[in-house]
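Engineer:
Protein chains: 2
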Amino acid sequence: MAQVIEISDPADPRLDDFRDLSTADRRPDRPGGRGLVIAEGVVVVERLLASPYPVRSLLGVRRRIEVLDEHLAGIAVPAYVASAELMAEVVGFHLNRGVLAVADRAPQPDLAGLLGSARRLAVLEGVGDHENLGALFRNAAALGVDGVLLGPGCSDPLYRRSVRVSMGHVLRVPFAQLEPWPSGLDLLRANGFWVAALTPKGSAVGLADAGLRGERVAVLLGAEGPGLTDEALAAADLSVRIPMADGVDSLNVATAAAVAFYAIA
Amino acid sequence: MAQVIEISDPADPRLDDFRDLSTADRRPDRPGGRGLVIAEGVVVVERLLASPYPVRSLLGVRRRIEVLDEHLAGIAVPAYVASAELMAEVVGFHLNRGVLAVADRAPQPDLAGLLGSARRLAVLEGVGDHENLGALFRNAAALGVDGVLLGPGCSDPLYRRSVRVSMGHVLRVPFAQLEPWPSGLDLLRANGFWVAALTPKGSAVGLADAGLRGERVAVLLGAEGPGLTDEALAAADLSVRIPMADGVDSLNVATAAAVAFYAIA
Chain A
1 MAQVIEISDP
11 ADPRLDDFRD
21 LSTADRRPDR
31 PGGRGLVIAE
41 GVVVVERLLA
51 SPYPVRSLLG
61 VRRRIEVLDE
71 HLAGIAVPAY
81 VASAELMAEV
91 VGFHLNRGVL
101 AVADRAPQPD
111 LAGLLGSARR
121 LAVLEGVGDH
131 ENLGALFRNA
141 AALGVDGVLL
151 GPGCSDPLYR
161 RSVRVSMGHV
171 LRVPFAQLEP
181 WPSGLDLLRA
191 NGFWVAALTP
201 KGSAVGLADA
211 GLRGERVAVL
221 LGAEGPGLTD
231 EALAAADLSV
241 RIPMADGVDS
251 LNVATAAAVA
261 FYAIA
Chain V
1 MAQVIEISDP
11 ADPRLDDFRD
21 LSTADRRPDR
31 PGGRGLVIAE
41 GVVVVERLLA
51 SPYPVRSLLG
61 VRRRIEVLDE
71 HLAGIAVPAY
81 VASAELMAEV
91 VGFHLNRGVL
101 AVADRAPQPD
111 LAGLLGSARR
121 LAVLEGVGDH
131 ENLGALFRNA
141 AALGVDGVLL
151 GPGCSDPLYR
161 RSVRVSMGHV
171 LRVPFAQLEP
181 WPSGLDLLRA
191 NGFWVAALTP
201 KGSAVGLADA
211 GLRGERVAVL
221 LGAEGPGLTD
231 EALAAADLSV
241 RIPMADGVDS
251 LNVATAAAVA
261 FYAIA
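Protein chains in written order, with UniProt numbering: chain A, 1 to 265; chain V, 1 to 265.
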């Protein structure tokens, strides 16, 4: 059972994991920082508690900690209760979600295991925007994608903003780095996947006509704007596109991913 | 030809349309405010210049105004050039997009005209979030939706943030209010549309099995969270759903809309 502890001093060292989250050079979720995983809000904290990530502690206003009561029953971590004002002082900004949890990282499943069990994957190149990456994980979780492989130029899915935008689904959908790039894509093929590159290019096959439904498919996605590199496009088995109206350049990468995930489900 | 005018005084009254955009009670894009349409960034400004909205003036750093040169050739409006610092002082925040344009509103096409010519529509209930609304217009534009009808509780698509998130597509996709609600949906039926309510309810038909492809379809969408009201669901011809993985509540409304637009295209 989580131990509920009242905190009245913002300098209390037990809150150090939560300190100054928005100050780039001090926040614990930065590369080179402490690499902790931060969950914000009741729904995301619930998903963190249900995940393999070892939770270290929670911090919230009383009302939010109480809402989490049944989820806290089985775990032995401190749940610090404080006023909204004290929380804002510690964290460095006003939290309208009223509760945070912090966890250590956990090992991700190894690539071989993931490739063996997954039926549908997303493979990303250069998706560096934290919000897009988080939204993409949310869409992957909703639409039955079993894992996400990260090529070069992707940001850390466990970055605080990605965790929040994903609604905590980065904590559920397994991910792994794919190296070397793009020749690592051969590994997918060796495991029976079709590697389908999503691109707006007119020469690509329409998603609905590509015959991917029901197959083992890895959807290869690049960042909005630059898109996939020529090397990644060349390494794919085929290029597919979402039929797009005239005068519209592209969809947001997470949205395009959702359409592709739906189309191959 | 637009007249390029250097501005060196932040108090210059010619910049009043651009003043204090982030201060809620003074910004011109608020209901009760002046109702001007604000475009930010080169791409969105280009779309504004190509739209029926009468442009009043532009404000930008020299480099950005120069990029817009060919688009400005045919129009007789002032293009104010200023430093980034002066712009920030006038607007009230730093603009990393470097250029703004302001326009008056233009009448939207009447509902009867829109219903007569459209083949696919989105109909929204309670979509009050400006970013979701903007993203939804972007997806509508990309995926061939001919217009958006706004039921109760929707925010103003021409609000500055919606314009920006839509990448300017709110300026291209026609929209209209639909009243009374939900009985106004009868008008759609009278014009040959199937009104398909998108809902996560298990009793709804899977999107791919609903036989909507190629038909005249109006997709009825509610806000993430509350979803559609019972009245709206009852007024639809059928309910459709996106097959969703276990443990995932919903997609973002603009993302769900994109999947639905793709599925009926």
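Yeah, the Cβ is synthetic: ideal placement off N, Cα and C, and Gly gets one too.
Just the chain V side, please: which residues come within less than 8 Å of residue 53 of chain A by C-beta, in chain order?
Structural biologist: Within 8 Å Cβ-Cβ: nothing; residue 53 of chain A doesn't reach chain V, min ~16 Å.
Engineer: Tell me the residue span of the alpha helix (DSSP H) that contains residue 166 of chain A.
Structural biologist: Careful: residue 166 of chain A lies outside any alpha helix (DSSP H) and carries neither H nor E.
Engineer: Keeping to the same chain, check which residues put their C-beta closer than 6 Å to that of residue 145 of chain V; ignore five residues upstream and five downstream.
Structural biologist: So the qualifying residues of the chain are 120, 122, 261.
Engineer: Near residue 191 of chain V, which residues of its chain fall below 8 Å by C-beta distance, leaving aside the five closest residues on each side in sequence?
Structural biologist: Hits under 8 Å: 115, 116, 216.
Engineer: Out of curiosity, what's the CA-to-CA distance linking residue 166 of chain A and residue 138 of chain A?
Structural biologist: So the alpha carbons of these two residues sit roughly 5 Å apart.
Engineer: Give me the DSSP bridge partner(s) of residue 81 of chain V.
Structural biologist: Residue 81 of chain V pairs with V/6, V/60.
Engineer: Taking all protein chains shown into account, do 16 or more other C-beta atoms lie within 10 angstroms of the C-beta of residue 234 of chain V, making it buried, or fewer, making it exposed?
Structural biologist: It counts as exposed.
Engineer: What first and last residue would you give for the alpha helix (DSSP H) that runs through residue 120 of chain A?
Structural biologist: Unbroken run through residue 120 of chain A is the beta strand (DSSP E), 120-125; no alpha helix (DSSP H).
Engineer: For the beta strand (DSSP E) holding residue 222 of chain A, just list the boundary residues, first then last.
Structural biologist: It spans 217-222 - the beta strand (DSSP E) in which residue 222 of chain A sits, taken as one unbroken run.
Engineer: Along the beta strand (DSSP E) that carries residue 103 of chain V, what are the first and last residues, could you check?
Structural biologist: Residues 99-103.
Engineer: Give me whichever residues DSSP pairs with residue 261 of chain A in a beta bridge.
Structural biologist: Answer is none; residue 261 of chain A lacks a bridge partner.
Engineer: Looking only at DSSP bridge pairs, what is residue 39 of chain V linked to?
Structural biologist: V/101, per the DSSP bridge assignment.
Engineer: Go to residue 74 of chain V, then tell me how far its alpha helix (DSSP H) extends in each direction, as first and last residue.
Structural biologist: Segment: none, residue 74 of chain V is in no alpha helix (DSSP H) and carries neither H nor E.
Engineer: Compare the C-beta of residue 255 of chain A with all C-beta atoms of chain V and state if any pair is closer than 7 Å.
Structural biologist: Residue 255 of chain A counts as touching chain V.
Engineer: Return no unless some Cβ of chain V is closer than 7 Å to the Cβ of residue 251 of chain A.
Structural biologist: For residue 251 of chain A, the answer is yes, since a Cβ of chain V falls inside 7 Å of its Cβ.
Engineer: Are at least three pairs of beta-carbons, each pair with one atom in the segment 238-246 of chain V and one in the segment 141-161 of chain V, less than 8 Å apart?
Structural biologist: The answer is no - the segment 141-161 of chain V does not touch the segment 238-246 of chain V, with fewer than three Cβ pairs under 8 Å.
Engineer: Mind pulling the chain A residues with CB within less than 9 Å of residue 42 of chain V?
Structural biologist: Ordered by position in chain A, no residue passes the 9 Å Cβ test against residue 42 of chain V, which lies about 13 Å from the chain.
Engineer: For residue 73 of chain A, does the count of other Cβ atoms within 10 angstroms reach 16, so buried, or fall short, so exposed?
Structural biologist: So residue 73 of chain A counts as exposed.
Engineer: I need the DSSP call for residue 93 of chain A, collapsed to helix, strand or coil.
Structural biologist: If DSSP states are grouped into helix, strand and coil, residue 93 of chain A belongs with coil.
Engineer: Comparing alpha-carbon positions, which option in V/224, V/113, V/75, V/108 lies nearest residue 266 of chain V?
Structural biologist: Limits of chain V in this structure are 1 at one end and 265 at the other, which puts residue 266 of chain V out of reach.
Engineer: What does residue 139 of chain A touch in chain V if you count any residue whose Cβ is under 7 Å from its own?
Structural biologist: Within 7 Å Cβ-Cβ: 251, 255.
Engineer: Check for me: the alpha helix (DSSP H) holding residue 239 of chain A runs from which residue to which?
Structural biologist: Counting along the chain, residue 239 of chain A falls outside any alpha helix (DSSP H), though it belongs to the beta strand (DSSP E) covering 238-241.
Engineer: Hey, would you say residue 36 of chain V sits closer than 7 Å to residue 90 of chain V, going by beta carbons?
Structural biologist: Going by C-beta atoms, residue 36 of chain V is not nearer than 7 Å to residue 90 of chain V.
Engineer: Starting from residue 226 of chain A, find everything on chain V with Cβ-Cβ shorter than 7 Å and list it in chain order.
Structural biologist: Simply none; closest approach about 15 Å.
Engineer: Mind checking if residue 87 of chain A is an interface residue toward chain V, Cβ cutoff 7 Å exclusive?
Structural biologist: Not closer than 7 Å to any Cβ of chain V, the Cβ of residue 87 of chain A fails to qualify, so no.
Engineer: Beta strand (DSSP E) containing residue 116 of chain A: first to last residue?
Structural biologist: Not the beta strand (DSSP E): residue 116 of chain A falls in the alpha helix (DSSP H), residues 111-117.
Engineer: Please state whether the Cβ-Cβ distance between residue 51 of chain A and residue 171 of chain A is less than 7 Å.
Structural biologist: Yes, these two residues count as a Cβ contact at 7 Å.
Engineer: Residue 102 of chain A CB to nearest chain V CB: under 7 Å?
Structural biologist: No, residue 102 of chain A lies away from the interface with chain V (no Cβ there is under 7 Å from its Cβ).
Engineer: Please list the terminal residues of the continuous alpha helix (DSSP H) segment that includes residue 134 of chain V.
Structural biologist: Start and end: 130-142.
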